[in-house]
Amino acid sequence: MSSLEEPLSLDRLPRLSNIDRMDGRFSSNACRPVGDDGMGERWIDGRNCSSSNSCDEDFDEYGRGSYGWKRQFRDRPYNGVSNRRSFSGGWRNVLFNGVPKFVKIVEVGPRDGLQNEKNNVPTSVKVELIRKLVSCGLPVVEVTGFVSPKWVPQLSDAKDVMQAVKNLEGARLPVLTPNLTGFEAAIASGAKEVAVFASASESFSKANINCSIEESLVRYRAVTSAAKKLSIPVRGSMLPIMSLTKNLLDFGLILVRVGYISCVVGCPVEGAISPSKVAYLAKELHDMGCFEISLGDTIGVATPGTVIPMLEAVMAVVPVEKLAVHFHDTYGQSLPNILVSLQMGVCTVDSSVSGLGGCPYAKGATGNVATEDVVYMLNGLGVKTNVDLAKLLQAGEFISKHLGRQSSSKAAIALTRVSADASKI
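For the working numbering, add 11 to where a residue sits in the sequence shown, where the first one is 1.
Set out below in structure tokens:
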């Protein structure tokens, strides 16, 4: 096994050491009580204070700063049952300050999820999976990729898949196009929305698409230029992103939906990736005309502590409403990474039904975060997605049965078990 195929060892994982901790939000001297069972007058830094006291250096009234929950759990009300503080609606708002009311989920299972499967998945199965996913209420389903069948044989039926689903209503159906040849093939097959991808790692770029980062940008400028020629009437509109998309598609025009950036936190060859590299690529893709930039933790090494500085760097050059996050679950950090991304203003999340996926050039990387897990978490937060979880579970069960293995979604496994147990009563 080459070093490219191995996950990062512990000594090469991205570290938190030099991260800006966001105005003291994660400061080591922030007010935190020693215990959780009583209000307490002693704090972990040894100071004494009364419940009426407030620590000015650690506390902002709600709304004064970017983060209203610097003061940690003081004056939280008791629930009157076991002398423990209740998780009231007010404190829920503090803990999840900044989480949007609606999150757009981009389903990447049919393309990113299946592209690394060793056994051939019939075109008919892919088409049925796409139909089921669209019926769930998912607003965007990436259906395939017009890539080299030599390197990604699983997607050799891209033309047939696209032609079979191009008239489906209820969702946008983007496809991946690595170059102008792929773009032209996609358009000929009926695609109305395409995506391009680049890597923040020079080594990974050469291994994945056989060119340097700068060479890849030259390729994508050709793709975005061709797309712009087909969408001149409304491309300059300052409409909100969903309205812009609807108008373009109503005109039968072509969108460059997203510029994917891989290895935004770590690379299997180079180790930790500088946030400045990611920011540079994001700005380049945004300036080309990509209306959405998806930031991908390709090998799943990100943690909330490394996601924060990466997002801060990108948000300095690209509007946050143009950003999406794309996490793999190699180290089980996808959901906390998504949560902190939402708290920072990101409103779009890529995910894959049943946690399908991986990476042909980073075999230690496991699948994408499961769409079922993301929807379950967002439902629990009261965040709307317009996704029918019951139908989503059925779609996941469908593809998992065909692949002959259990779903990688923890929520799907648990909910299926609960349903099965209930049926026996």
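Cβ coordinates follow ideal geometry from the N, Cα and C atoms, glycine included.
Please read these numbers as outputs of a predicted model, since none were measured by experiment.
{"Query": "Alpha carbon of A422 to alpha carbon of R428, nearest angstrom", "Result": "10 Å"}
{"Query": "Nearest neighbour of L296, chosen from V186, I198, R230 and Q126 [CA to CA]", "Result": "R230"}
{"Query": "C-alpha gap between P185 and T155, whole angstroms", "Result": "8 Å"}
{"Query": "I224 and A202 closer than 8 Å at C-beta", "Result": "no"}
{"Query": "F302 versus A327, A335 and V351, residue with shortest Cα-Cα distance", "Result": "A335"}
{"Query": "Exposure label - F157; buried when at least 16 CB within 10 Å", "Result": "buried"}
{"Query": "Span separating the alpha-carbon of V138 from that of S363", "Result": "16 Å"}
{"Query": "Own chain partners of G366 with C-beta closer than 6 Å, once the 5 adjacent residues on each side are dropped", "Result": "G378, A381, S419 and S420"}
{"Query": "Residue interval of the beta strand (DSSP E) (run including A209)", "Result": "E204 to S210"}
{"Query": "Cβ-Cβ separation, V119 to D361 (assumed contact under 8 Å), whole Å", "Result": "5 Å"}
{"Query": "The stretch 310-329 touching the stretch 340-354, judged by at least three CB pairs closer than 8 Å", "Result": "yes"}
{"Query": "Element boundaries [alpha helix (DSSP H), containing K143]", "Result": "T134 to S146"}
{"Query": "Sequence-distant residues of the same chain with beta carbon closer than 6 Å to S200, five excluded per side", "Result": "K170, M173 and Q174"}
{"Query": "N-terminal and C-terminal residue of the alpha helix (DSSP H) that S411 is part of", "Result": "L400 to L414"}
{"Query": "Top-ranked residue by Cα proximity to T512, from V114, F107 and G277", "Result": "Residue 512 is absent from the structure shown; the chain starts at 12 and stops at 436."}
{"Query": "Boundaries of the alpha helix (DSSP H) in which I116 is found, first to last residue", "Result": "Taken as a continuous stretch (DSSP letters only), I116 belongs to no alpha helix (DSSP H), being part of the beta strand (DSSP E) at K115 to E118."}
{"Query": "Under the three-state DSSP convention, the category T188 falls into", "Result": "coil"}
{"Query": "Alpha-carbon spacing of D308 relative to Y271, whole angstroms", "Result": "11 Å"}
{"Query": "CA nearest to the CA of Y291, picked from H337, I304 and L353", "Result": "I304"}
{"Query": "Option in C274, N348, E180 and T235 with minimal Cα separation from A211", "Result": "C274"}
{"Query": "C-beta atoms of V394 and L149 nearer than 8 Å", "Result": "no"}
{"Query": "From F194, N131, K402 and I349, residue whose alpha carbon lies closest to that of V110", "Result": "I349"}
{"Query": "Cβ pair L322, S352 closer than 8 Å", "Result": "yes"}
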